[in-house]
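This report refers to the structure that appears directly beneath it.
Numbering (our numbering), first residue to last: 4 to 228.
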């Protein structure tokens, strides 16, 4: 991302790089993985999201905040995103099940994962003037990388590595070809970056993905048939 995306304005550059790296691997990918691949596809998708969260709350946090000198390994490892993934993996490996008294409140909070980011994006979208985003060549470049180039590179890498299982490949490609993550706007708002740009990229990449995702996933299914 650092070599591919450069901009004279730091706040724009951070948003563009973040949108390139982080896809909507959960909210948009899970329903497609369930529909095309069943529960096994969702299992692989959950593994992708676990890695996504680790990278989001380490590299993504540093990228968007710009705090490189004052961020220690301890802070990165003990932030809520990383600790929750670690606990989830530990519970999975130990086959530990939470009692309903603890599970139900957690499930209620988890159900906010989809509507809450949409509310935040909608809030900024209501006052946003997205005309300048539509005329920004770098936005189109980032969306092309996010929606087409990155997924195709992943597909080529998986095939070259000998990964031919269709469920594995397609599950990974669904996550990789998803549009820019909603976290692009949430992190941009939190760290006072170019929020209007982030809303534009998330919105427009989501619309474009309706055309690009079927093509990329269809190619993956064809090559692993």
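Positions of the beta carbon are idealized from the N, C-alpha and C atoms, including for glycine. Since we're looking at a predicted model, the values are computed, not measured.
- Can you name, in chain order, every residue of its own chain whose Cβ lies under 7 Å from the Cβ of residue 224, other than the five neighbours on each side? 169 and 173
- Task: Could you tell me whether the Cβ atoms of residue 200 and residue 18 are closer together than 7 Å?
- Result: yes
- Check whether residue 59 and residue 146 have beta carbons under 7 Å apart: no
- Return the Cβ separation of residue 202 and residue 127 in integer angstroms, given the expectation that the two are a contact with Cβ distance under 8 Å. 5 Å
- With respect to the alpha helix (DSSP H) encompassing residue 189, which residues constitute its N-terminal and C-terminal limits? 186-193
- Message: Between the alpha carbons of residue 14 and residue 61, how many angstroms are there, rounded?
- Response: Their Cα atoms are separated by approximately 19 Å.
- Item | Reduced DSSP category for residue 68 - H, G, I as helix; E, B as strand; rest coil | helix
- Item | Terminal residues of the alpha helix (DSSP H) in which residue 16 lies | 13-24
- From the DSSP output, read off the bridge partner residues of residue 183. 26
- Query: Are the CB atoms of residue 23 and residue 150 nearer to each other than 7 Å?
  - Reply: no
- Message: In this structure, how does DSSP classify residue 206 when only helix, strand and coil are distinguished?
- Response: In the structure shown, residue 206 sits in a helix (DSSP, three-state: H, G or I).
- Query: How many whole angstroms separate the CB atoms of residue 178 and residue 32, which I take to be in contact at a CB cut-off of 8 Å?
  - Reply: 4 Å
- residue 175 versus residue 20 - alpha carbon distance: 21 Å
- Could you tell me the distance, in whole angstroms, from the CA atom of residue 101 to the CA atom of residue 45? Roughly 21 Å between the two C-alpha positions.
- Query: Is the distance from the Cβ of residue 164 to the Cβ of residue 26 below 7 Å?
  - Reply: The Cβ atoms of residue 164 and residue 26 lie no closer than 7 Å to each other.
- Item | Status (buried if at least 16 other CB within 10 Å, exposed otherwise) for residue 186 | buried
- C-alpha gap between residue 38 and residue 65, whole angstroms: Straight-line Cα distance between these residues: approximately 35 Å.
- Answer yes or no: do residue 52 and residue 29 have a C-beta to C-beta separation smaller than 7 Å? yes
- Message: Among 228, 56 and 204, whose alpha-carbon lies nearest the alpha-carbon of residue 133?
- Response: 204
- Message: Between which residues of its own chain and residue 161 is the CB-CB distance below 6 Å, once the five residues before and five after are set aside?
- Response: 172
- Query: residue 103 to residue 109, Cα distance in whole Å?
  - Reply: Cα atoms of residue 103 and residue 109: separation of roughly 10 Å, rounded to the nearest angstrom.
- Item | C-beta atoms of residue 219 and residue 154 nearer than 7 Å | yes
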